[in-house]
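**Q** Following this message is one structure expressed as structure tokens.
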Amino acid sequence: MKKKVSYLLIFGLLFLLLFASCIRQQTPLTISVTKAVTGINGVVPVKSPVDIKWSVAGVDSFTAKVVVKFGNSIVFEKSGSNLTEVTIPEDKFVNLGDYTYYVEVTAGDQTVKTKDLTFKVVPSVKEVKILSQNNTSVLKDTSKNVSWDILSYIDGREYEYKIMLKSPGETEFTLVGTTTNKTYEITDLATIGTYSMKIVAVELNNIEVESPEFLFQVANSLYDGENHFPEIGNSSPENNAINVAWEYSTFDTNAIVKLSWMATDVDNDALEFDVYIDDSFIATTENTEIQFEGFLPEENISWYVVARDEKGFETKSPVWSFTLKSNTAPVFETDVASEIVNDSVVRFSWDAIDNDNDELKYEIYSGTQEASTLIDEKYANFFNTENKDGNYIIVAKDPFGGITEKEFIYTAPTSEITGNATVVVYVTDAKSGPAVAEATVTVNGIIAKTDSIGMATITLNLTSDSTLLTIEATKLNHALTKVDGLMLKVGEVKDVYITLRKAELNPDPDTQELPEVDFHVYKYNDYYLWATNGATPENKPEALDIDNVVINYPIFVEVTATPVSNDHINIIYAALGKTPGSGFMTGDRGYTSGATEVAFAFNTFDYNGLTDLHITVYDYNDNQIEIVKYLNILNNNDIVLPKYTPADWASHGMGTNLDSYTRRMEIGFYSQGSNIEKANVKINNLIKRNVENKIKLFESKFNKKLDYNIEAAQPNSNLWVEVWWIPVNLYPDGVLYQYPNGYNIYRSFDGMNWEKAGYVSQYSKNNFIFRDYSPKLEPGKEVHYGVTAVYDDGETTLHYLGSVIPLGMFDVELTSPSMLSTNVAREPIFEFRPKVYDNSLDNATFSYALWIYDLVQSEQHLVPIYFGEDGNVYQQKYDVVGPYSLAVNYADQQWALLSAYGASLYNEPLVPNKTYSWAIDLAYAYTQNDVSSAISISIDQGYGVDPLFGRVDADAFNTFTTGTHLTDVVSIADAQNAFVAGDKVKYIIGSVVDAYSNYVYLEDPITNKALKLKFDSNVYNVNIGDILIVKGDMYSDTFGKTFAVKNVEILFQESGNELNAIPLDPSILEENNIGLNPYASALVSSSGTITNIDENGLSLEYDTTDSTASIYVYKGGSNILTSDATIGDRLDVKGILKYYKTYWEISLRSDDDWSKQ
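Each residue of the sequence shown is one higher than the one before, counting from 0 in numbering that gives the first Met the number 0.
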């Protein structure tokens, strides 16, 4: 019984315990990060791994997830069962900045997540420090070694370093070199002064940390000893000075301020000073004071000076500052005075001063809100018309808005003269031509007929002292004539001469209409500045009110003519003081033909008082309208026009000032050549028809005709220089200058010592060009030219035109097909070369044109052509820089067949077994720059490059006979077979698979057979993929295993694509019966396992079709093969198949030629 009770008690206790466990609460789930991301000193260096650890409490089984973000992007995420630590790989931290992470744990239905934790990724470089130098000054034109060290968070990490340099006078740093070492030699220190340098450590290609700037001095190369730096101080104005007065001011410059300082040098070195204002470089001076413009009243100015001795040592002054005074207004000292100058002009004068020494200008108001003029002088001239009076105000203005007004009253004299006046009109059909009788003449509405001598007399009753006339003349079969605006005074008998021309198109005057004419007068300076600075409508200056202004300056007269009928505008004339017309009959006047709008410049200095301005317009029917306006011109009759300094062509964008010509033949007589017209050839516009091009540019730019005829050349000469300038009569502003007697032309061979080369009269026909045939001229010898204007009392300052280096002569040698050669391919390659006699042509551009003459069996020609963008056909021209051989492949040209019957396209090879001749019909070389050109003409068979006769005949015409074969160009495989058989080939074609130093490796894209080209010097202009046609001498090279070509000439080259590498197989390494491998120098590829590595490459075991084999891989152009690869790695490689001493190898071309599998 006791035992049973015990069992019951135990069972009950167990039941209670089980029930209690069912109702007990769950233990909370918690996360504790035991290893947070703290990095090194609180940061993580870029591209470094990161460890995170955490612990989980409350459960035994869970799933944990860690998430790392950069911004809003997840860069790492990992989850796992019972995961409590992760290592985040380095490649997740390649961006700088703040990262966040959290850990999330899930157990059953519980999920707990940490708050977002942060860490910062920074560059691994903490500091770049330039090590202290032994000295901070080096000699000019030497070098400086600089060393540095870095403080890095990570030991052993390698960096690239950029060396940045800021030279004296520059504002930006420039990259001068890169290195992976911690030392660098800075060279080319050619400028004396202070240099600033910094070192930039670079990792991951784009993360940079800069050192502080380091300064060092570069001294003059002549200095070799102890030196001291200059001392500088004692500024004027004093530092922080206020109310500083300026020296003076103008409207163009604003305030002019003088700055000065004291400077000494204990070595008694000469000093120069760089002046900076507001931290900007302004000027260099050898004085200790300087003036600057552009300042305003009350402006604060900061400035400093850098003193530099003759050895290049510099001292910078403190930064000084001062403030300018405020502006004060001008003051009138006297009342305004008036003086009658002549019948039509009154002069007002006054006196005003400005205590700031400011320039003053004046505006005059005469009863309106707008000023009638703005002037610099202390007087003004006005029309003194009768019954004119009123209140006037003169306003004095300084450049800074200071103004003072002076008011006065003026009353003009009156006149009440009336009476009769007579107009006598003479009508002719041209100036000094025959009279026109029975013409109807109308004067201010009164009609009269001309008599037999073309005269009509009309009397007018004037109600004032003068009137303006409107005169019209008409007659059947004649054009219309109208004169509007001539002045007639009381009691005057005025003779008026007009022309009434025969009608060119419409004989009925009743159905004709005169052109409409509008014109405006402008101050010359205002209009010229506008016209030469864009001529935009919104910036056009205001036209003069010629009825109310007195003119004492040059003017522009702008005329616009509009045809009313169908007769277009023919001629526009303008003149002062006379009726314009034919230049022979009327002297100087403005003239243009074929335009409807034109502007003429006039010098008014030769006129005084009321002067009639005449504008005459003709249409193509010879209808003529003449408008007369009176200008009130007031001038000092003693005024002297300035002398003219010749202008040059290049400065006006009209071509070169100097053109040197060299001809292969002396000037003489030449044959006229074939009657077949030469094809159109585009030739540099500084070369072909140089004279004609200049004339066209001149006439389009200056709107003036240039009458030019080529003068005879000096006999027995083949070198001359044409010197060009713009004479005063052709200069747009020539009316503002005295005409010289002529022009002296000077030459110099050093630019300093000048000798007179010749003289050209102002009144000669070609007064703008001089040909210098001096025997002192030599090819390759630079010659300078200048020109002066010659006057009775001397000549002007020499105007430098520039320099030119004449070129030497050259011949053209035709090398292939040679003279009388036979069995020539029907698609031959034409080879030719220049033969030069000095080095003046080394950098010249040579241009050639080729011509095939089919004259033996027919009268026709073959010419290579191309179609221009404009749709026109042009003859092909071949250019090369330098005196090098050229080759033209017949198969690559588009040909035209020319005959007496015309021209047609020709796309066939040459006819088999037929005789032809070929020649270079055009050969010239040239150099050019903005101011000069030099041309050497070897051959010109009628193309017009030769400026004198248009031709320099060719000497060589090679006759050849074709065979039946199409081409002499063979494949590499055919060339190899010919070499083995002991035969020679002419040309070989292939694709480039590698080029370095003086070697090019060429492969046949079809057979993959290859050969090596050996050049005499390094090759720079050949790229992988290029297709070449070459010629040379074949031989066996590289230990007798490789087909090769020496004495190589490239005859043809065009870009192409890189060939695919051929898979390596032992059969490719087999040699022929004379020990040569046809695939040596080909591009091959292989895959295999590294079995050995040495300093120059590695051994690779690769799979073959039935087993394995081994090949050596030479690192060649790869920089990292032997350091990055390890034994056992599987590699893919490709490279050039070569034989070295006793074994075959694959030579890599670059790091792109290998990769790990």
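Yeah, the Cβ is synthetic: ideal placement off N, Cα and C, and Gly gets one too.
Give the DSSP bridge partners of residue 227, in chain order.
**A** Within the sequence shown, numbered from 1, the residue matching residue 227 stands at position 228. DSSP output for residue 227 lists no bridge partner at all.
**Q** Can you tell me which of the three DSSP states residue 326 falls into?
**A** Taking the sequence shown and counting its residues from 1, the one referred to as residue 326 is at position 327. Coil at residue 326, not helix or strand.
**Q** Name the DSSP bridge partner or partners of residue 54?
**A** Position 55 of the sequence shown, counted from the start, is the residue given in the question as residue 54. Paired residues: 31.
**Q** Are the C-beta of residue 280 and some C-beta of chain C separated by less than 8 Å?
**A** The structure shown contains no chain C; it holds only a single protein chain.
**Q** Considering residue 1126, what are the terminal residues of the alpha helix (DSSP H) in which it resides?
**A** For the purposes of this step, residue 1126 is identified with residue 1127 of the sequence shown, where counting begins at 1. First-last for residue 1126: undefined, no H or E at that position.
**Q** Counting pairs of beta carbons, one from the region 840-847 and one from the region 900-918, are three or more of them closer than 8 Å?
**A** Flag = no, the region 840-847 and the region 900-918 do not touch.
**Q** Tell me the start and end of each unbroken beta strand (DSSP E) in the region 860-903 that is at least 3 residues and wholly inside, in chain order.
**A** Here the runs fully enclosed are 872-874, 877-880, 885-888, 893-898.
**Q** Taking residue 164 as the reference, which of 886, 130, 199, 1096 has the closest Cα?
**A** The residue you call residue 164 lines up with position 165 of the sequence shown. If we check each option's Cα against that of residue 164, 199 comes out closest.
**Q** Quick one: what's got a C-beta closer than 7 Å to residue 803's C-beta in the same chain, skipping five residues either side?
**A** Sequence index remark: in the sequence shown, residue 803 carries index 804 (1-based). 657, 659, 720, 782, 931, 933.
**Q** Under a three-way DSSP split, which group does residue 91 fall into?
**A** On the sequence shown, residue 91 is found 92 positions in, with the first residue counted as 1. The answer is helix: DSSP assigns residue 91 an H, G or I state.
**Q** Could you please give me the residues that DSSP links to residue 951 through a beta bridge?
**A** Counting from 1 along the sequence shown, the entry for residue 951 is found at position 952. Its beta-bridge partners are 939.
**Q** Closest by CA to residue 527, which one among 539, 516, 1126, 517?
**A** As a working mapping, residue 527 is identified with position 528 in the sequence shown. Of 539, 516, 1126, 517, the residue nearest in Cα terms is 539.
**Q** Using a threshold of 8 Å, state whether the C-beta atoms of residue 83 and residue 55 are closer than that.
**A** As a first step, residue 83 must be located in the sequence shown, where it is residue number 84. As a first step, residue 55 must be located in the sequence shown, where it is residue number 56. Yes; because the gap between Cβ atoms is below 8 Å, this pair is in contact.
**Q** May I have the straight-line CA-CA distance separating residue 99 from residue 202, to the nearest angstrom?
**A** As a position in the sequence shown, residue 99 is number 100, starting the count at 1. As a position in the sequence shown, residue 202 is number 203, starting the count at 1. Using only the alpha carbons, I get a separation of about 23 Å.
**Q** Mind checking which residues open and close the beta strand (DSSP E) that includes residue 269?
**A** Counted from its first residue, the sequence shown places residue 269 at position 270. Neither: residue 269 is in no beta strand (DSSP E) and is coded neither H nor E.
**Q** Pull up the distance between the alpha-carbon of residue 396 and that of residue 556, whole angstroms please.
**A** Numbered from 1 along the sequence shown, position 397 holds the residue referred to as residue 396. Numbered from 1 along the sequence shown, position 557 holds the residue referred to as residue 556. If you take the alpha carbons of residue 396 and residue 556, they lie about 30 Å apart.
**Q** Taking a contact to mean a Cβ-Cβ separation below 8 Å, would you say residue 575 touches residue 601 in this structure?
**A** As a position in the sequence shown, residue 575 is number 576, starting the count at 1. As a position in the sequence shown, residue 601 is number 602, starting the count at 1. Against a cut-off of 8 Å, the Cβ pair of residue 601 and residue 575 comes out as a contact.
**Q** Measuring CA to CA, which of 963, 1030, 310 is closest to residue 825?
**A** As a position in the sequence shown, residue 825 is number 826, starting the count at 1. For residue 825, the nearest C-alpha among the options comes from 963.
**Q** Comparing C-alpha positions only, which one of 444, 924, 434 sits nearest to residue 452?
**A** Counting from one through the sequence shown, the residue named residue 452 turns up at place 453. It is 434 whose Cα lies nearest to the Cα of residue 452.
**Q** Would you mind reading off the limits of the alpha helix (DSSP H) that contains residue 975?
**A** In the sequence shown, residue 975 corresponds to position 976, counting from 1. Its alpha helix (DSSP H) spans residues 971-979.
**Q** Using the C-alpha atoms, what's the distance from residue 417 back to residue 485?
**A** Your numbering for residue 485 matches position 486 in the sequence shown. Your numbering for residue 417 matches position 418 in the sequence shown. Cα-Cα distance, rounded: 18 Å.
**Q** How is the beta strand (DSSP E) around residue 245 delimited, first residue to last?
**A** Here residue 245 refers to the residue found at position 246 of the sequence shown. Looking at the DSSP string, residue 245 is not in any beta strand (DSSP E), and its letter there is neither H nor E.
**Q** How would you label residue 119, buried or exposed, when you count the other beta carbons within 10 angstroms and need 16 or more for buried?
**A** Within the sequence shown, the letter at position 120 stands for residue 119. Its Cβ having fewer than 16 others within 10 Å, residue 119 is exposed.
**Q** Is it a yes or a no for the region 273-281 touching the region 226-234, going by three-plus beta-carbon pairs under 8 Å?
**A** The region 273-281 is not in contact with the region 226-234.
**Q** Using the beta-carbon count (16 or more within 10 Å), is residue 940 buried or exposed?
**A** Position 941 of the sequence shown, counted from the start, is the residue given in the question as residue 940. Burial call: buried.
**Q** Classify residue 1081 as buried or exposed, calling it buried when 16 or more other Cβ atoms lie within 10 Å of its own Cβ.
**A** Along the sequence shown, one-based indexing puts residue 1081 at 1082. Its Cβ being crowded by 16 or more others within 10 Å, residue 1081 is buried.
**Q** Could you give the first and the last residue of the continuous beta strand (DSSP E) run that contains residue 97?
**A** Numbered from its first residue, the sequence shown carries residue 97 at position 98. Per DSSP, residue 97 belongs to the beta strand (DSSP E) from 96-106.
**Q** CB residue 500 to CB residue 428, shorter than 8 Å?
**A** Taking the sequence shown and counting its residues from 1, one reaches residue 500 at position 501. Taking the sequence shown and counting its residues from 1, one reaches residue 428 at position 429. Taking 8 Å as the Cβ cut-off, residue 500 and residue 428 qualify as a contacting pair.
**Q** If I measure Cβ to Cβ from residue 173 and keep anything under 8 Å in the same chain, skipping five residues before and after, which residues do I get?
**A** Counting from 1 along the sequence shown, the entry for residue 173 is found at position 174. Within the same chain, residue 173 has close Cβ partners 163, 164, 165, 166.
**Q** Could you tell me whether the Cβ atoms of residue 192 and residue 313 are closer together than 8 Å?
**A** Position 193 of the sequence shown holds residue 192. Position 314 of the sequence shown holds residue 313. Yes.
**Q** Looking only at its own chain, which residues have a Cβ that is under 6 Å from the Cβ of residue 76, when we skip the five neighbours before and after it?
**A** Working through the sequence shown from its first residue, we reach residue 76 at position 77. So the qualifying residues of the chain are 66.
**Q** Could you pull out every residue in the same chain whose Cβ sits closer than 6 Å to the Cβ of residue 316, ignoring the five residues on either side in sequence?
**A** By one-based count along the sequence shown, residue 316 stands at place 317. Within the same chain, residue 316 has close Cβ partners 231, 303, 304.
**Q** For residue 1079, does the three-state DSSP call read helix, strand or coil?
**A** For the purposes of this step, residue 1079 is taken as the residue at position 1080 of the sequence shown. Residue 1079: coil per DSSP, three-state reduction.
**Q** Applying the criterion that 16 or more other CB atoms from any shown protein chain within 10 Å of the CB defines a buried residue, is residue 999 buried or exposed?
**A** Within the sequence shown, residue 999 is the residue found at index 1000, counting from 1. The residue is buried, with at least 16 neighbouring Cβ atoms inside 10 Å.
**Q** Could you check where the alpha helix (DSSP H) with residue 724 kicks off and where it finishes?
**A** Taking the sequence shown and counting its residues from 1, the one referred to as residue 724 is at position 725. Taken as a continuous stretch (DSSP letters only), residue 724 belongs to no alpha helix (DSSP H), as it is neither H nor E.
**Q** Using the Cβ count rule (16 or more neighbours within 10 Å means buried), how would you classify residue 758?
**A** Locating residue 758 in the sequence shown gives position 759, where the first residue counts as 1. So residue 758 counts as exposed.
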